[in-house]
Structure formats: C-alpha cells, structure tokens
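Written out below as structure tokens is the structure these notes cover.
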Amino acid sequence: MKKTITILMLCLMFGCVTSFSAYAEDTADTELLQRIQKLEESQKLFILSGGWLDRITISGVLEAEAGFASTDFADPNEEDTNESSVALATMELGVDAEISDNISGHVLFLWEEEDPVNLDEGVITISGEDTPLFLSAGKMYVPFGNFESTMISDPLTLELGETGESAIQVGFESEGFYGSAYVFNGDIDEAGDDSHIDNFGANAGFSIENDGFCLDAGVSYINNMLDSDGLGEWAEETMDTDGTGLKDYVGGFGAHVTVNTGPVTLIGEYITMIDDPEFVSDAGVTAKGEKIAAYNAEVAFAFDLAGKEAAIGLAYQGTSDSGDFLPETRIVGAIGVGIFDSTTLALEYAHDEFENDDKADVITAQLAIEF
C-alpha cells in the first residue's frame, strides 16, 4: 500500500503521469480509495466490537483548592505567618486494563501542586479463576495502614505510615476475609548493609457489606516503618545531619476499623513504631530516637440538603513523640455537598497544636470532580 502511494506521488512530482492513459489513472485512483476505505472500516469494526477499547477503563480526579493558613509560633523571636493561596491541588488519571479473565493492569498518574507529573502506581495483577489467590507486582502502595478519611486533608496516620514502593504482593480474598504478604527493596538501609530485597510486611482483615451496613477491620505490619514516604525523608535528613546510620530496622504496626450504618460513618485507626529507632555513628556511638505513633478518630453524617447529597464530619487526630515533624493534636471539621453529578464542593477547618506549643489554623475550600 505504501509503495503504491509513494510511486503515484513521485510520478505526479516529476511529470511522469503523461505515460499513462487518463482511464488507467482514474481506475487506479478509484481502486486505491476503495481499498483505503475498506481498511478504515475494518479498523473501526475491530475497535467498536470486541477490540482493545472494551477492556480499558479510564478514570480521574481533579481538585481545585483555595486556602488560608495562620501559624502562631511559641517562640517570641519568630514572627507569626498568614498565607493564602489558590491552586489545582491534585490531578489523578487512572487507566485499568482487563487483559483477560485473570490478568489485569493498573496505571495511575498523579500531579500535585509544585510537583511534576509522576507515575504514582503501575501494577500487574494475576488472579486465579477458581481460587481466591492473587499476585501483584509493580509500583504500589503496600498494604500497611488503611488511611480512610472523610476530610479534605490527609489524616496524620497517612502522613506517618503511607509507603509507596516497587513491590511483589501475594494475597487472598474469600468470604469477607482478606490478607496478603509483600516484599520490596526499601530506600532506608541498615548501617553497613548493601541494597537488597530485605523489606517485607503483611496485612489481614475482614470486610462485610449488607443492606445499610458496612464493616472493615484489619491489622498490618511492616518490618521497617522508617521507609514510609513521610518518615523516610525525616530519617535521611536526621542521618545526614548527624552523620549516622540506622542501627536496626524499626518495625511498624497498624490497626483500623471503619463502620457505616445508614447515614453514619465511624473511622478509627492507630499506627505506631514497635521499637525506638537507634542511629549509630562511624565511631560506634549509638543515639536513640523516639517511638512515633499516630491515630485518627472520625465521625461523619450524610444528609439531604435542598435535594443534594451532603455530608458533615468531625475528626480528632494526634501523634506522640513526633516533635515538630507532625502536630501533636489536630481537630478537623468538614462539610461537603454534591452540587452536580460527580462534582463536590467542600469546606474544611483544621486546628493544629505541636509539642513545642506552636499552633496553626487552616481553612480550605475545595471543588472536585471525578470521572
């Protein structure tokens, strides 16, 4: 096909068409157009009926936010601050592909204000047709913690424990019970060790959904909580500043429960290090850190507002021994209204207090769509 088109174009450019009769030229052009049209029609039929498009699902989230933040420092020598901003806070674009009955792929691109577009998730999953087992491999958030919330802002449990890694996960789901185990090569290694696949964890839980009632409860473990997205940066800064290394991995434990009955939703979660982290210098001197923990307790109520779906929620969150890394206590209130299909307008107020007596107040208005 490409050779035929190329020859015709060259002939036209150099005046060689005079060697052909007008009838032959018209016939060739007609046949060429007919063949192109047949090819286009066959491609359309493939795409519309049983083609790759039937196996692809595209979804996304856009969140635009306007906010005001006020910080009151306990140190009289430090000037208090007041800031306001408008931003496209979050853009998520997900693609899910059902390759076959037991093989699927998932890709999620994430953009957040002041950050470049990032491949947030990229996972291949193989599941058994007749068994409840599955295997997932790729870039994922390992199942340590649950981090469910009805607020605009992320809960403190997420800021402490969320862990995104390239990992291999094996698990099961059967009659409401679920569980998995996973391995990965983390970014935070023990002092003197090479980089190996020596990080691991597991989770287990139970989930049930009946008319008007939903329950999800579970526990999780990870062998190095200092490799979480939040603590990892803190640990690296601490070791770089002090010239030390991590003596031993610090395990983490999490427990959560979420209950929804009618219009009421209750959320409770606790995340903690199992031991105090210890850092060792080249001279063999050991310094002990604090065992950091975080919790989140929420209640939300759904109701009808002028014919629109609405919800109001209140959360009490906190941490222990986190210094000024995270607030010691946080009180959050939020209300959201579904103003159109897949479109929500929400308002949140959060008050933070830190161990060093610093205080912060944040007001956030958010317009979000999902598709």
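For the sequence shown, counting from 1, position 227 maps to 215 in our numbering; every step adds exactly one. The beta-carbon is built from N, C-alpha and C at its ideal position, and this holds for glycine as well. No experiment lies behind these values; they were computed from the predicted model shown.
Who are the Cβ neighbours of Ala303 in its own chain at under 6 Å, not counting the five residues just before and after it? Met139, Glu286 and Val320
Nearest-angstrom Cα distance between Asn134 and Asn248? 15 Å
List, from N- to C-terminal side, the beta strand (DSSP E) runs of 3 residues or more that fit wholly inside the region 286 to 326. 296 to 308
Ile363 to Ile185, Cα distance in whole Å? The requested residue 363 is not part of the displayed model; the chain covers only -11 to 359.
Glu101 versus Leu335 - alpha carbon distance: 19 Å
Take Leu146 as the anchor and find which of Thr332, Ala338, Leu333 and Thr307 has the nearest alpha-carbon. Thr307
Under the three-state reduction of DSSP, which class applies to Asp204: helix, strand or coil? strand
Given a cut-off of 9 Å, decide if Gly167 and Ala192 are closer than it, judged by their beta-carbon atoms. yes
If you count every other CB in all the chains shown that lies within 10 Å of the CB of Phe172, and 16 or more means buried, which is it? buried
Thr274 versus Phe188: straight-line alpha-carbon distance, rounded: 25 Å
Work out the CA separation of Ala322 and Ile255 for me, nearest whole Å. 15 Å
What whole-angstrom Cβ distance do Ile114 and Ala85 have, given they're in contact under 8 Å? Ile114 to Ala85, Cβ: 13 Å. No contact.
In the DSSP assignment, what are the bridge partners of Phe194? Phe165 and Ala205
Would a C-beta distance cut-off of 9 Å place Ala290 and Ala282 closer than the cut-off? no
Where Pro143 and Met79 are concerned, what is the direct C-alpha to C-alpha distance, given to the nearest angstrom? 19 Å
Based on the DSSP output, what are the partners of Phe328 in its beta bridges? Thr331
Under 6 Å Cβ to Cβ from Glu266, same chain only, skipping five residues before and after it: list those, please. Lys235, Thr274 and Lys276
What do you reckon, is the C-beta of Asp142 under 8 Å from a heavy atom of the ligand ZN? With respect to small molecules bound, the structure shown includes none, and the ligand ZN cannot be examined in it.
Cβ distance (whole Å) where Phe313 is taken to contact Gly242 below 8 Å: Contact doesn't hold; Cβ gap of about 18 Å is too wide.
Looking only at its own chain, which residues have a Cβ that is under 6 Å from the Cβ of Asn70, when we skip the five neighbours before and after it? Ser58
With respect to the beta strand (DSSP E) encompassing Ala85, which residues constitute its N-terminal and C-terminal limits? Thr69 to Glu86
Which whole-angstrom value is the C-beta distance of Ile259 and Gly239, which I expect to be below 8 Å? Actually they do not touch by this definition, with Cβ atoms about 12 Å apart.
Pick from Glu163, Leu333, Ala125 and Asp215 that is closest to Ala353, judged by C-alpha positions: Leu333
Where Glu336 falls: helix, strand or coil (DSSP): strand
Following the continuous beta strand (DSSP E) through Asp264, name the residue where it begins and the one where it ends. Here Asp264 belongs to no beta strand (DSSP E), and DSSP marks it neither H nor E.
With 16 other Cβ atoms within 10 Å as the buried cut-off, status of Ala12: With a pLDDT of 41 at Ala12, under the threshold of 50, the predicted position of this residue should be treated as unreliable, though the coordinate-derived value follows. Label assigned to Ala12: exposed.
Just the C-alpha distance for Ser208 and Asn65, rounded to the nearest angstrom, thanks. 43 Å
Alpha-carbon spacing of Asp63 relative to Asp345, whole angstroms: 9 Å
I need the straight-line Cα distance from Ser137 to Ser216, nearest angstrom please. 19 Å
When DSSP labels each residue in this structure, what does Asp349 get in the three-state scheme? strand
6 Å Cβ shell around Phe342 - same chain, five flanking residues per side excluded: Asp312, Pro315 and Glu316
Roughly how far, in whole angstroms, is the beta-carbon of Ile351 from the beta-carbon of Phe56, given that I think they are within contact range, below 8 Å? 5 Å
Take Ser310 as the anchor and find which of Asp292, Asp228 and Ala223 has the nearest alpha-carbon. Ala223
Length at least 3, wholly inside the region 102 to 160: the beta strand (DSSP E) runs in chain order: 106 to 115 and 121 to 129
Can you tell me whether DSSP reads Asp60 as helix, strand or coil? strand
What is the DSSP secondary structure of Glu66, reduced to helix, strand or coil? coil
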